[in-house]
Amino acid sequence: MKAQSRFGAWLAIIVGSMYFLIPLLATFEFSLRMRRGTYSFDAYSVVLADPRFQASFGYSIMMALLTIVVGVLLVVPTAYWVQLRLPKLRPIIEFITLLPLVIPAIVIVFGYLRLYNSSSILPLTGNSRATDVLLLLGYVTLSLPYMYRSVDAGLRAVDVRSLTEAAECLGAGWSTILFKVIFPNIRSGILSGAFLTFAVVIGEFTLASLLDRPAFGPYLQLIGANRAYEPSALAIIAFVITWASMGLIQIFGSARASGRQKS
Amino acid sequence: MSISSNIDSGPPELQVPQRPTLSARMSGPGPASQIWNWIGVLPFFTFAVLFLILPTACLMVGAFQDARGHFTLVNFRDLFQGGVLDAYWISFKVSAASAIGGAAIGSLLAWAAVQGKLPEWIRPTLMTFSGVASNFAGVPLAFAFICTLGRLGLVTVLLKKYVGVNLYSTGFSVLSFSGLTLTYLYFQIPLMVLIVTPALDGLKREWREACDCLGGTAYHYWRYVALPVLWPSVLGATLLLFANSFGAVATAYALTGSSLNMVTILLYAQIRGDVLHNQNLGYALALGMILVTGLSNGGYIWLRARSERGRK
């Protein structure tokens, strides 16, 4: 009976891996077929040389980095403050940060278009600079669940109250406490939130497309509708980026765990 | 989506006794410090109200108005006209199929990795891969499945060449309901693995041994021990998966264009260029989506609280 259960487990894992690996293999194989009759990396060089790829990819990387900066500046002080002074507020903050998973992104952006249209009090869709800001803040909203959870897990693992009191005793002001004491202590939490945010923002389609900004997601969709081999090369590139982000989270996560074991 | 992996893992909150701390004394006693406390969370609440709550509330109000801004329920009656109702039905079918399939297969994979007595390296590999695959959604995922199961896809071609099965003559298409469900499973299964693994870890080995000692069979174990412990987690996760695919836009749009009439695609087209010829009907469509995803997420949160209570 034992052997039977192990056989079943192997079968599940093997069939599962086939389902997950075959599409990746197929995509990779397809991306190599651009030159007739032989395998080549032509599709990749065509994609990488496309100025629209460079522009949209650069734009999305910029957006992802800005989202991380704004998200961290918004979430870390709030989570710190709640932990220190207003623990009763924690369930409410947690609920709000989960809302972007409950309300689909397409609904949120529909709300933006209604609320911030060019005839409203705050016409954020009026010109492209302002729309960039709106897109950025939209991304911060979408990344709230990931960022808050990572930061909160980091904060729970350190004794915020003692750290703060020790810093205050030594005469530190609030900015010193926040940036020189709290930030370094929860660095791995912030980093894992940051990489998740990066993975979410870099290929995001709905917000960028409906706000009409030249991001990577809409570019992917456009290429997919018009080209044959380039989309598969782009899919492989996107998969590598996702894999890299998640790999970095694992590395920083395990660095944190082993660091704590040592101390 | 891999956030769910650390939902259950937070250590219990430290219960620090309320004492007059140094920081409280420094910021002054009484109401002044209270106000100061609230100022600290003001930026967050301002942000949440402006970019999350107001936009959503604004749509909700719009759903109850006609074009001139008067109160009406007509938009909701219009939701039940042919095309819109069809869209909801297709979205519902795809989400339900991919949620139930994802939950079943995901639980099976997680069970194999946790309880299947496989080599040590299987489990961390599966968890890392699930973290990646659950985030690999949207446009690139659609490309991957077109390369696999599209008309010229690898699997389609190989099946035709070596097995002699022409997938497309059986009526299958990657752009259809079954193709879309198969594609959605690619991020649903890993998400399920991430959510359900902690619950499976909670099944103690001794329980199985105790059941064996008392003469119970595998059926007795699953029927009277494992399933009663597991079902809130599994059902809750299924609801989360349902909401997850109900709100997905990019994969479906990149895969099917506008050939499949789903709610998200209909809403997308409506936002791009008023296809419903009634802005407020669009708001009602959005409100309907919030209701569906809100209810299933609410169910998830309720069941999760229940399963955590049961574990204590």
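For the protein sequence lines, the chains are A and B, in the order given.
Residue numbers in the first sequence follow the numbering used here, run continuously in steps of one, and reach 493 at the last position.
Residue numbers in the second sequence follow the numbering used here, run continuously in steps of one, and reach 313 at the last position.
Glycine included, every Cβ here is placed at the ideal spot set by N, Cα and C.
Asked: Do residue 314 of chain B and residue 264 of chain B have their C-beta atoms closer together than 8 Å?; Found: Since the displayed chain B opens at 2 and closes at 313, residue 314 of chain B lies outside it and no answer follows.
Asked: Which runs of the beta strand (DSSP E) at least 3 residues long sit entirely within the stretch 43 to 90 of chain B? Give them in chain order.; Found: none
Asked: Drop a sphere of 10 angstroms on the beta-carbon of residue 218 of chain B, count the other beta-carbons inside from all chains shown, and report buried for 16 or more, exposed for fewer.; Found: exposed
Asked: Would you tell me roughly how many angstroms separate the C-alpha atoms of residue 352 of chain A and residue 371 of chain A, rounded to the nearest one?; Found: 18 Å
Asked: For the alpha helix (DSSP H) that residue 281 of chain A lies in, which residues bound it at each end?; Found: 281 to 314
Asked: Can you give the Cα-Cα distance for residue 345 of chain A and residue 56 of chain B, rounded to whole angstroms?; Found: 6 Å
Asked: Would you call the stretch 248 to 264 of chain B and the stretch 448 to 462 of chain A touching, i.e. three or more CB-CB distances under 8 Å?; Found: yes
Asked: Hey, out of A/298, A/258, A/313, whose CA is closest to residue 422 of chain A's CA?; Found: A/298
Asked: For residue 425 of chain A versus residue 462 of chain A, is the C-beta spacing smaller than 8 Å?; Found: no
Asked: Please go through the same chain and pick out, in chain order, the residues whose beta-carbon is closer than 6 Å to the beta-carbon of residue 264 of chain A, but skip the five residues on each side of it.; Found: 272, 273, 459
Asked: Anything in chain A within Cβ reach of residue 290 of chain B, meaning under 7 Å, just list it in chain order.; Found: 334, 337
Asked: Let me check understanding here. Comparing Cα to Cα, which of A/479, A/283, A/416, A/339 lies closest to residue 287 of chain B?; Found: A/339
Asked: Whether or not the stretch 74 to 81 of chain B and the stretch 254 to 274 of chain B are in contact is what I'm after, with contact meaning three or more pairs of Cβ atoms, one per stretch, closer than 8 Å; do they touch?; Found: no
Asked: Measure the Cβ-Cβ separation of residue 262 of chain A and residue 270 of chain A and say whether it is below 8 Å.; Found: yes
Asked: Go ahead and pull the three-state DSSP assignment for residue 444 of chain A.; Found: coil
Asked: Assign residue 171 of chain B to one of two classes, buried (16 or more other C-beta atoms within 10 Å of its C-beta) or exposed (fewer than that).; Found: exposed
Asked: Tell me whether the beta-carbon of residue 390 of chain A lies closer than 8 Å to the beta-carbon of residue 314 of chain A.; Found: yes
Asked: What does residue 315 of chain A touch in chain B if you count any residue whose Cβ is under 7 Å from its own?; Found: 38, 41
Asked: Under the assumption that residue 107 of chain B contacts residue 193 of chain B (Cβ atoms under 8 Å), give the Cβ distance between them as a whole number of angstroms.; Found: 3 Å
Asked: Does the distance from the C-beta atom of residue 189 of chain B to that of residue 246 of chain B stay below 8 Å?; Found: yes
Asked: Give, in chain order, every residue of the stretch 457 to 488 of chain A whose Cβ lies closer than 7 Å to some Cβ of chain B.; Found: 461, 462, 464, 465, 468, 469, 472, 473, 476, 480
Asked: Leaving out the 5 sequence neighbours to the left and right, which residues in its chain are closer than 6 Å to residue 29 of chain B when beta-carbon positions are compared?; Found: Confidence at residue 29 of chain B is low in this model, with a pLDDT of 45, below 50, so the placement of that residue should be treated as unreliable; the coordinate-derived value is given next. No residues qualify anywhere along the chain.
Asked: What do you get for residue 220 of chain B, buried or exposed, if any count of 16 or more other CB atoms within 10 angstroms of its CB means buried?; Found: exposed
Asked: Identify, in the order they occur along the chain, each residue of the same chain with its Cβ nearer than 7 Å to the Cβ of residue 501 of chain A, setting aside the five sequence neighbours on each side.; Found: Here chain A has residues from 231 to 493 only, and residue 501 of chain A is not among them.
Asked: For the stretch 222 to 233 of chain B against the stretch 158 to 178 of chain B, are there 3 or more C-beta pairs whose distance is under 8 Å?; Found: no
Asked: Would you check if the stretch 103 to 122 of chain B and the stretch 237 to 254 of chain A touch, i.e. whether three or more CB-CB distances between them fall below 8 Å?; Found: yes
Asked: Kindly indicate the opening and closing residues of the alpha helix (DSSP H) around residue 207 of chain B.; Found: 206 to 214
Asked: Give the secondary structure of residue 273 of chain B by DSSP, where H, G and I count as helix, E and B as strand, and everything else as coil.; Found: helix
Asked: Thinking residue 268 of chain B and residue 283 of chain B are a contact (beta carbons under 8 Å), I'd like their distance in whole angstroms, please.; Found: 7 Å
Asked: Can you name, in chain order, every residue of its own chain whose Cβ lies under 6 Å from the Cβ of residue 22 of chain B, other than the five neighbours on each side?; Found: With a pLDDT of 46 at residue 22 of chain B, under the threshold of 50, the modelled position of this residue cannot be trusted; read the value that follows with caution. Excluding residues within five positions, none has a Cβ falling inside 6 Å.
Asked: Helix, strand or coil for residue 253 of chain A? Go by DSSP, reduced to three states.; Found: helix
Asked: Below 6 Å CB to CB, which residues in the same chain sit around residue 241 of chain B once its five sequence neighbours on both sides are set aside?; Found: 301
Asked: To the nearest angstrom, report how far apart residue 87 of chain B and residue 262 of chain B are at their CA atoms.; Found: 7 Å
Asked: Would residue 284 of chain A count as contacting chain B if we go by Cβ distances under 8 Å?; Found: no
Asked: In terms of residue numbering, what span does the alpha helix (DSSP H) encompassing residue 395 of chain A cover?; Found: 390 to 399
Asked: Within 10 angstroms of its Cβ, does residue 447 of chain A collect 16 or more other Cβ (buried), or is it exposed?; Found: buried
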